[in-house]
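Contents: one structure, followed by commentary.
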Amino acid sequence: MIRGSTALVGIVGSPIAQVKSPENFNAWFVEHGLDLAMLPIDLQEQSLDAFLATLRGWRNLRGCVVTVPYKQLLATRLDAVSERSAALRSVNVIRREADGRLVGDIVDGEGFLNAARRHRFEPRGKRVLLVGSGGVGSAIAYSLCLGGVSRLAIADLSAERVGSLCALLRQAFPAIAIDGDHASLADFDLVINASPVGMGDSGALPLSESLLETLSKHCLVADVVTSPEITPLLALARRMGCTVQTGPEMARAQLGNLGHFMGVTPLDI
Numbered sequence: 215m216i217r218g219s220t221a222l223v224g225i226v227g228s229p230i231a232q233v234k235s236p237e238n239f240n241a242w243f244v245e246h247g248l249d250l251a252m253l254p255i256d257l258q259e260q261s262l263d264a265f266l267a268t269l270r271g272w273r274n275l276r277g278c279v280v281t282v283p284y285k286q287l288l289a290t291r292l293d294a295v296s297e298r299s300a301a302l303r304s305v306n307v308i309r310r311e312a313d314g315r316l317v318g319d320i321v322d323g324e325g326f327l328n329a330a331r332r333h334r335f336e337p338r339g340k341r342v343l344l345v346g347s348g349g350v351g352s353a354i355a356y357s358l359c360l361g362g363v364s365r366l367a368i369a370d371l372s373a374e375r376v377g378s379l380c381a382l383l384r385q386a387f388p389a390i391a392i393d394g395d396h397a398s399l400a401d402f403d404l405v406i407n408a409s410p411v412g413m414g415d416s417g418a419l420p421l422s423e424s425l426l427e428t429l430s431k432h433c434l435v436a437d438v439v440t441s442p443e444i445t446p447l448l449a450l451a452r453r454m455g456c457t458v459q460t461g462p463e464m465a466r467a468q469l470g471n472l473g474h475f476m477g478v479t480p481l482d483i
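With the working numbering, the residue at position 58 of the sequence shown is 272, and numbering never jumps.
Here it is, written out as structure tokens:
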């Protein structure tokens with residue numbers, strides 16, 4: 215029940231119907247008897263500046279999660295961002311301070327690793343292929359490098375975007391082999407789809423089926439797409455005997471990171 219006293223958090227993006235954060239957060243708020251609620255906000259791009267102005271004056275709003283396609287667009291419009299957000303030029307959560315200032319961070323990578331560790335995956339020394347170098351892909355790449363992977367290969371339809379991310383990561387993590395080579399998947403310990411490919415009913419795969427057939431059974435295969443839960447990539451990986459990690463798993467695993475930054479949950483929930 216939303217009352218006049220209810221404090222709010224939001225999640226902004228477009229489209230928004232597929233996101234899991236409102237049900238995850240609202241279930242947690244109800245379970246813990248808190249007068250808090252999350253609202254989904256499907257926003258047109260031309261309204262972003264007006265939306266931020268509204269956030270600054272929205273006194274019962276504690277913060278806002280940011281999803282596609284606004285993670286990079288909003289990063290440059292806030293009053294302050296974390297060191298990793300500044301490096302990646304991306305945010306996925308905003309906190310509204312009492313004086314109306316808006317502060318951003320990106321915790322997608324931490325949420326991803328929280329979920330992966332539940333599958334007994336530890337990044338140190340591992341070899342990883344990441345498909346997608348946008349906001350969520352960049353954040354996952356950064357956290358994997360912080361976690362000490364030995365090699366990170368990055369694939370994306372945009373060669374320019376891959377080049378920019380590789381350059382940023384090589385400068386920050388010179389000891390890690392960072393490249394775009396993925397002629398075979400046999401040597402990878404983790405393969406991640408961090409692109410929108412596979413969302414909805416498209417049936418699309420982020421890599422060719424022939425390439426995916428080179429996956430080894432020890433590989434963890436992960437997807438950030440939340441709807442459907444079992445994407446075409448994950449269905450194929452399961453048929454090959456791989457462990458899979460779903461988008462909703464990642465969404466649930468970063469709940470504490472997002473909520474703690476906005477001041478509405480503990481870090482470990």
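Each residue gets a CB set at the ideal place from its N, CA and C atoms; glycine is no exception.
Nearest CA to the CA of ALA251: which residue from LEU257, GLN258, PHE243? Along the sequence shown, one-based indexing puts residue 251 at 37. The residue among LEU257, GLN258, PHE243 with its C-alpha nearest the C-alpha of ALA251 is PHE243.
I want to know whether the segment 368-381 touches the segment 344-359 - three or more CB-CB distances under 8 Å. Note that the segment 368-381 touches the segment 344-359; at least 3 beta-carbon pairs, one per stretch, sit closer than 8 Å.
Between which two residues does the alpha helix (DSSP H) containing ASP322 stretch? Translated into the one-based positions of the sequence shown, residue 322 becomes position 108. Segment 322-331, the alpha helix (DSSP H) holding ASP322.
Straight-line CA distance for PRO420 to GLY323? In the sequence shown, the residue the question calls residue 420 occupies position 206. In the sequence shown, the residue the question calls residue 323 occupies position 109. About 20 Å.
Do PHE326 and ILE354 have their CB atoms nearer than 8 Å? Reading the sequence shown from its first residue, position 112 is the one you call residue 326. Reading the sequence shown from its first residue, position 140 is the one you call residue 354. Yes, the pair counts as a contact, with Cβ atoms nearer than the cut-off.
Mapping the DSSP letters down to three states, classify MET413 as helix, strand or coil. Within the sequence shown, numbered from 1, the residue matching residue 413 stands at position 199. Note: MET413 maps to coil in three-state DSSP.
What would DSSP say about THR457, mapped onto helix, strand or coil? Taking the sequence shown and counting its residues from 1, the one referred to as residue 457 is at position 243. When DSSP states are grouped into helix, strand and coil, THR457 belongs to the strand group.
Among all the DSSP beta bridges, which residues are the ones paired with PRO254? Numbered from its first residue, the sequence shown carries residue 254 at position 40. According to DSSP, PRO254 shares a beta bridge with ILE225.
Hey, how far is the Cα of VAL435 from the Cα of VAL458? Within the sequence shown, residue 435 is the residue found at index 221, counting from 1. Within the sequence shown, residue 458 is the residue found at index 244, counting from 1. As the crow flies, the alpha-carbon of VAL435 is around 5 Å from that of VAL458.
Contact check, LEU257 vs PHE265, beta carbons under 8 Å: The residue you call residue 257 lines up with position 43 of the sequence shown. The residue you call residue 265 lines up with position 51 of the sequence shown. Contact: yes.
Nearest to ILE444 by alpha carbon, out of ASP263, VAL411, GLY461, LYS431? Position 230 of the sequence shown holds residue 444. The shortest Cα separation from ILE444 among ASP263, VAL411, GLY461, LYS431 belongs to GLY461.
With 16 other Cβ atoms within 10 Å as the buried cut-off, status of ARG332: In the sequence shown, counting from the first residue as 1, residue 332 sits at position 118. By the 10 Å Cβ count, ARG332 comes out exposed.
DSSP has ASP393 in a bridge; who is on the other side? The residue labelled residue 393 in the question sits at position 179 within the sequence shown. Per DSSP, ALA367.
CB LEU358 to CB VAL342, shorter than 8 Å? Start at 1 with the first residue of the sequence shown, and residue 358 comes out as number 144. Start at 1 with the first residue of the sequence shown, and residue 342 comes out as number 128. Contact: yes.
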